[in-house]
Every structure is written in C-alpha cells, then in structure tokens.
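Report on the following structure.
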Amino acid sequence: MELLAHLAQGFAVALTPTTLLLAVGGCFIGTIVGALPGLGPSNGVAILIPLAFSLGLDATEALVLMTSVYYGAMYGGRISSILLNIPGDEPALMTTLDGYPMARQGRAGDALVLSGVASFVGALLATVGLMLLAPLLARVAYLFGPPEYFALYMLAFCTLGGLASRNQAKSALAAAIGLGIAMIGLDNQTGIPRLTFGEMHLMDGVDFLVAIVGLFAVAEVFIYMENHGRETALGVALGRITVPVKDIVRCSWTMLRATGIGFFAGVLPGAGASLGSFLAYMAEKSAARDKESFGKGNPRGVAAPEAGNNAAAGGALVPMLTLGVPGSGTTAVLLALLLTLNITPGPLLFEERPEVVWGLMAALLIANFVLLVMNVPMVRLFVKILSVPPWLLLPGITMVSFSGIYSLSGSSFDLILMIAFGLLGYALRKLDVPTVPIILGILLGNNMEDSLRRAMVISDGDWTYLFSSGISIGLWAAAVAGFIAPMFLRNLLKRPGAGSG
Amino acid sequence: MRTLGAALGMGLATSAMAAECIAPANPGGGWDFTCRTIGKIMHDIGAVDAPIQVTNMAGGGGGLAFNHVVNERNDDPDLVVAASSATATRLAQNAYGGMTADQVSFLGAIGADPGVIVVAKDSPYKGLKDLIDAVIADPKSVTFAGGSAVGGFDHLKVLMALGRAGFNDITAVKYIGLDGGADAITQTIGGHTQAMTGDISEVVGFLSAGEVRVLAVMTDERIPGFEDIPTAREQGIDLVAVNWRGLYVPKGISEADYGKWSKALAAVGDSAEWAAAMKANGLAPFNKVGKDFQDYVNKVVGEVRELSRQIGVIK
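Protein sequence lines correspond, in order, to chains V and F.
Position one of the first sequence corresponds to residue 1 (our numbering), numbered consecutively onward.
Position one of the second sequence corresponds to residue 1001 (our numbering), numbered consecutively onward.
Following this line, the structure appears as structure tokens:
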C-alpha cells in the first residue's frame, strides 16, 4: 500500500501538463533518434541536455524528458533494424538477425508491430520491477565482483558461436576482429596506450557507434553503389499494418523470459542493454526446438531481443538510482545530468528525494503507454521517415550518420574511422563474414578483459579465484553448456517436422 | 534548482565577441561544470563584460582540447580552458601525445574535491594507520579500488600516502581501476576489494546511508560539513591530495591578459555565488591563483612523473 501511495505522489508530479508534454515530446524525439542510424540513445540524450538547461526545467521535468528520450530510443532502434538491416542503435543489433529476414518475406508490418508489443512488455514489466525491487536489487550489484563479471561475459562469448548458423568459423573470426578492435586505447589496468600508434584520437578507444554505423550503414552505401541500386537492403516495402495476433500470442512466453533475462542484465552495472538483448536472443534460440529457423525470420527472434533490450533499459536504472553506478552508456549520461541537477543518486535517493524518484517512475509508466501508441498504431509515421526512395534515403542516412558521429567528439577523425569501418564491412559482406559478432566483440571485449585482469590482481594470479563463488560457478556451468551442448545436441534435436514453430 | 538550470542555460547564450571557455569533455562532467559555473559567475559579478560561451571538446581525456589550444589558439586572449588534477596527471604521464604542462599557462584553481580513502562499514580497519600498517605488513592482503585507471590520480593518492609512511615498494600495492568512483565503492561494499580511493563527492551518498567508513580525507583541515572525518595529516600521514577545479589559458597571451583573467578568477573565488555552488557540489575551498598555482601544478607534475616511472606507466 505504501507503494501505491508513493506512486500516487509520483503521478501527482508526472500528470502536470508540462510534464506530460515533455514525456510525449521526449518519446517522439527518442523514437526518431533511435530509428536513425548514427544517433544512439546515449548521444541523443547527451545532445538534449543543453536543451533541458536552456528550457529552465526543474529536476523532475528534466529527468522525465531525458528518460522519455531514452525509452523512446530503445523502442525506435528496432525500426531501422527491421526495415534496413541497419541497427538504429547498439541494443537493436540483435533485432536485425530475424527482423530483417521477416521484412524480406513481406512481413515488415508484422515484425514492427510484434517488436513494438515486445518492447512494451519488456519496458513495462521492467518499470514495475524497478518500482518494486529497486532498493532490494541494488544488493545484487554488491554480489558481482570481477570473477562473477568475467564468468558472465564468458557466457555471452561461449554462446556467440551459435549465432551465425551457416559457418561458425567465420563468426568466430568476426568476434576475434571485434575483440581486437576493443583492445585499442588506454589500457585500464596499466594506464598504457595500446594499438594507438601515437594517435591521440584513439586513446579513448573506438566508439562502438562509429563501428556500427560504419559496418552497417556506410557498408550499405558501398553495396548500393556497386549494384546500382539493385539487391540492396534498402527499400523494403511495407504493406498494410495488421496486428499479428497469432505471433503475439505464440511469443508471449518468449517475451516474459526475455524480459527476465534483459532486466537482470540491465541491473548489473556495466553489462547493459546490449548484453541483455544478446543473452535474451541466445537463450530463446537454445530453448527453441526450431533452432534452424532463427536468423531466417523467426518471430520469436524478433520478440526476444526487443523485450530483452527494453527490459534492460529499465533494469539499468536500478544501479544508477540506487548506487550511482551507470549500467550503460546512456545511464552514464543520465547520471551526469542528475549530478548537474544537484541530485546525488545513491542508497538514500529514494528517501531523500521521493518526488524525483516516484515522479520518474510514474513518467516512465506514462511514457510506455505513449510509446506503445506511437510504435504500433502510429508506426507508419516513423516508417515514412525511412521509406522514402533509396536514392533519397541513402544520402539522407549518410548525412545523419556523419553528423551524428561528428557530434560524438567533434573531430573529423571519427568520420575517417567510420569510412574505414564501412570499407571493412563491405569486404566482409563480400566474404560472407557476419558483422554482428564484431560489434559484440567491441561492446563486450573491454569489460571482459578488465574483469579478468581485475580478478587476477585481487587474487595475485590465482586462477581458482575465478570459480570461488556460487554465482560464478553457475555462470561457468551455463557457459560450458552453451558452448559444448550445441555440438552434441544439434543432431539429436534435428528431428523432421520440428521446424514449424 | 530552477535558478541553476536557468543559469546554466544562459551560459549557452552566445555572442560572437564573447570570451570562450572550452570544457574538454561532454556536457555533464566536472570540466563542463567548471566552465559553465565559473563562466556564469564571472559574468554575473561583472568580472568580464560579456557572457562566456562554453564549448565542449571531448576526446583523448582532455588531450584534444590541449592540442587545439597549443597548436591553433596559442595567442587567443579570449580563451580559458577547464582543467583539474587529471589534466596535470596526464601531462605528467605524457598522455597528451608528448605535450607538456609548460605549453600553456595554468591560471588557478578555486575549489577542490578532496581525496578520501574509504572502507566498508564492517571492515577491520578503523583508521588510516591500520590500513597502511596492513599494507606494509603484507601488501597482498589489501586491494584498493578506484574510479580511474592504473596510474590515475586515485591510484597515485594511495601510493603517495604509503610513501609518506615510509613504504616505497609501490609495485607491490594492489589496485584495480573501475569505471567511476561509484563502481569502485560498490566493489568495496561487496567485499571484493578492501578499500576504495576516490573523491569525497563520490562517497557522500554511501556515507550518509551508513554503508561505508571514511578513514581519512586528504586536506589541510577537516572539511566543513564533514567535521567528524579526520584528515590524513592528523593521523601522521602528511599528504594533501585533492582533485582541484581550475582553468588554464594559452601560453602566448600577454602578461596583462593573464593578469586580467587571474583577477577575474580570483573574484569568482571570493564571491558568495561560488561559495553556494561549491556547497551544492561537494567542493571544498582550495584557492590558488596565478604564480602560486603554477608552482603547485609543477610540483604535482614532478611527483606524479616520478611515481609513474616507478610503477611503469611511463619510461
């Protein structure tokens, strides 16, 4: 009952006309930011911070605007993943795997609606989880030390092999390239620059947004030019949008499972939405009987990552609010915003600033419903942005990519790097090497390496420390199962007639 | 709150002739705060004629902005750049592509985030001396967690403290760098590491929640608002290590222009507005402007360089 009282207080804050307007506006801007490749949630939010200041918003209002943009971007990222095979932002990466094939089969509308509903389920349940469990869940972060994190990332990489079903060696090669790129920059554990060749722009490492835009969007430009517009990913026709009730019903358990996994990954600082959507997708695939149809337009392969990444976005707010530890790039920007507004997140935030916390929760609930409306019945509006003719869309995307990437650091170096990634992506496409594992390598490689080396510093090089807690043993067991089991089970599971789901 | 928001907003209002403050990081961080707050107060109290325009130039841990100033704006009299202890540390460690501290003129610092050493509330270490004695007896028994990389200021603070206690086998000291102070404190509360080294602003929330104990603050005197935290000095460790917030200006400007900026910065340091902003952001007084400050920066750069050589961060 206390919860309801808090929530009522929150709605009293959130339901003022100004706040509502900010929520709707934030959702709209966020969806566009998410849908446009090159503009991810973190730079979307970062770019809007000065706006919040110049509008003279108070703490709650600024937070409402920013988190609406954040949630909106998590919804919007899937649109270009599905229609263009270009992830709108890094957590939407996994959605390309089945979303784009679905669109290719003429089911773009179904994929958009299904993923919109999955996003809603993931985000809504995560928001409820945030309200009910935030102070409790903060304790989970204390349980995860370096060995536990390392085991978690091992789990992710062990399941990576099953990602591209055609050629595992190529996907392993791609992951290795990604890990190599992740090594660039200042080494966190010795403070020594690695692979920077004395270039100061490389000191902070390669921004994964630069890699994503290069590997996907810029590479697409090259393919398009080569084929004179034929056989390009661009320009998938969108038919009438209906609600694929059957798919939604069939995916309901998928969404719930993915929400659980995504939320948990979000709660762990540092893991974030990308890991959430990845693990949700891989879990769904390994639990499915019809593994072969994943990657070829399986609706569950669309629902799982979308529910997963939206749940992770909600989960990432847990450590941010209760510990002041950002769980993702975007929450890091939000954290900076909070500090500038003189709100210190931490164990006491819920008691000291209830109007901020509960106003935010209420606003998140409202934002979710607004986003459901924007992303299901009104999804055409956003699709319109992306469904202009390819000869117009392509320069448009290129332009947005360039300005989006330039806004990250304000240096032309990132633009050159992006073009280099585009060339790499083009070459890899020709060689039929998947690019998704590269991005995952860049996203997770540093965290994995840092965790291992921190563990080794703490234990003085004693490797048994990696298996010293129940949590890490459990994660290692899952990793081993994820890596080895498919090798043996693949033949057992390949029964005739099992590919119908 | 509203006034702060509006205030920061006004910092965005630009005019072509206005002076510029470069924040070498994205909006929201410490350098951004320095530019926006100091710039705003400077104009409000009439120390400069026009509002100061803030430019964010992130990259290379401040190196891009430094490079920009040295190579392209070396004689621009209307330019100031936000700086902190991290700027000095990185310069000392050659992290700005070979550029050195004497290629710009450090103007001054008018506030600082004091360094602290923190343990979990159930830790056996009751005072700074307990912790240092434990490291001296067996360096393997204690791992420090901090929010900056190895060789960063959080790490160096610990080494300086140990050096003051006569322990110089600094490569034996175990330190892990995490992504920010809050992450480091989480690891310490979780028992994965024994102590956390950081700035007081990073631990305030956990301190008032009773999750941690601050063993020492590294300032000359106890900090207002935290009078029950003893200084390192009181416990026999003669160390002042703070994350100062200040500015530098291009090297090539005239003596008169340098004087003009020092006067403006000193005026901000003495203003009531700055006192309020410091209080709201957990900063402690730390006033060094002009020549005095340049000497201080040079001293810190020297000590950091020596320690960094010993731990192998630089050759």
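Just so it is clear, CB atoms sit at the ideal spot from N, CA and C, and this is done for glycine as well.
Remember, it's a predicted structure, so these values are computed and weren't measured experimentally.
Short of 6 Å from the beta carbon of V/T331, and not among the five residues preceding or following it, lie these beta carbons of its own chain, in chain order: A316 and M320.
At a cut-off of 8 Å between beta carbons, F/D1138 makes no contact with chain V. Interface annotation, F/H1043: not in contact with chain V, CB-CB separation never under 8 Å. Taking the beta carbon of F/G1111 as reference, no residue of chain V falls within 8 Å; the closest one sits roughly 15 Å away. Excluding its 5 nearest sequence neighbours in each direction, F/F1153 has C-beta neighbours in its own chain below 7 Å: S1085, A1086, T1089 and N1243, listed in chain order.
With contacts defined as CB atoms closer than 8 Å, V/A123 and V/G314 qualify as a contacting pair.
Distances from the alpha-carbon of F/W1261 to those of F/A1058, F/D1076, F/D1032 and F/N1026 put F/D1076 closest. Contacts with chain V at 8 Å (Cβ-Cβ) include F/M1057.
Annotated three-state conformation of F/E1255 is helix, per DSSP. Taking one beta carbon from each stretch, the segment 9 to 20 of chain V and the segment 361 to 374 of chain V have 3 or more pairs nearer than 8 Å; the two touch. Straight-line spacing of the CA atoms in V/L125 and F/A1195 works out to 37 Å.
For F/K1288, the beta-bridge partners assigned by DSSP are F/A1109. Judged by DSSP secondary structure, F/E1020 falls within the beta strand (DSSP E) whose first and last residues are E1020 to A1023.
Look at V/I86: its C-beta is not under 8 Å from any C-beta on chain F. Secondary structure at F/Q1053: strand, using DSSP grouped into helix, strand and coil. The DSSP-derived three-state label of F/I1176 is strand. For V/M418, the closest Cβ of chain F is not nearer than 8 Å.
Assigned with DSSP and collapsed to three states, F/G1198 falls in strand. Below 8 Å, enough C-beta pairs join the segment 1279 to 1292 of chain F and the segment 1101 to 1121 of chain F to call them touching: three or more. Bridge pairing for F/W1274: absent [DSSP].
At a Cβ-Cβ threshold of 8 Å, V/G40 and V/G72 do not count as neighbours. Distance from the Cα of F/N1056 is smallest, within the candidate group F/A1264, F/G1290 and F/W1031, for F/W1031. For the beta strand (DSSP E) assignment, the segment 378 to 415 of chain V encloses no uninterrupted run of at least 3 residues.
Distance between V/T60 and V/S54, taken at the CA atoms: about 15 Å.
Note: F/F1144 is bridge-paired with F/Y1175 and F/A1195 in the DSSP secondary-structure output. In its chain, beyond the 5 residues on either side, F157, L160, P437, I438, L440 and G441 have a beta carbon closer than 8 Å to the beta carbon of V/A175. Contact check for V/E284 against V/A258 passes: the beta carbons are separated by less than 8 Å.
For the segment 1164 to 1181 of chain F, the set of residues with a beta-carbon nearer than 8 Å to any beta-carbon of chain V comprises K1174, Y1175, I1176, G1177, L1178, D1179 and G1180, in chain order. Neighbours of V/V457 across chain F, judged by C-beta separation under 8 Å: T1143, K1174, Y1175 and I1176.
Residues G34, G40, P41, A73 and G77 of the same chain have their beta carbon placed closer than 7 Å to that of V/D89, with the five preceding and five following residues left out of the count.
F/G1146 is not a Cβ neighbour of F/G1205, given a cutoff of 8 Å.
Taking a 10 Å sphere around the C-beta of V/F278, we find 16 or more other C-beta atoms and assign the residue as buried.
Here V/L443 is buried, its C-beta having at least 16 other C-beta atoms within 10 Å. Nearest CB-CB separation between F/A1149 and chain V: below the 8 Å threshold. Identification of chain F residues near V/Y142 by a Cβ-Cβ cut-off of 7 Å yields T1186, I1189 and G1190, ordered along the chain. Within the same chain, M94, A304 and P305 come within 6 Å of V/Y281 by CB-CB distance, once the 5 residues on both sides are set aside.
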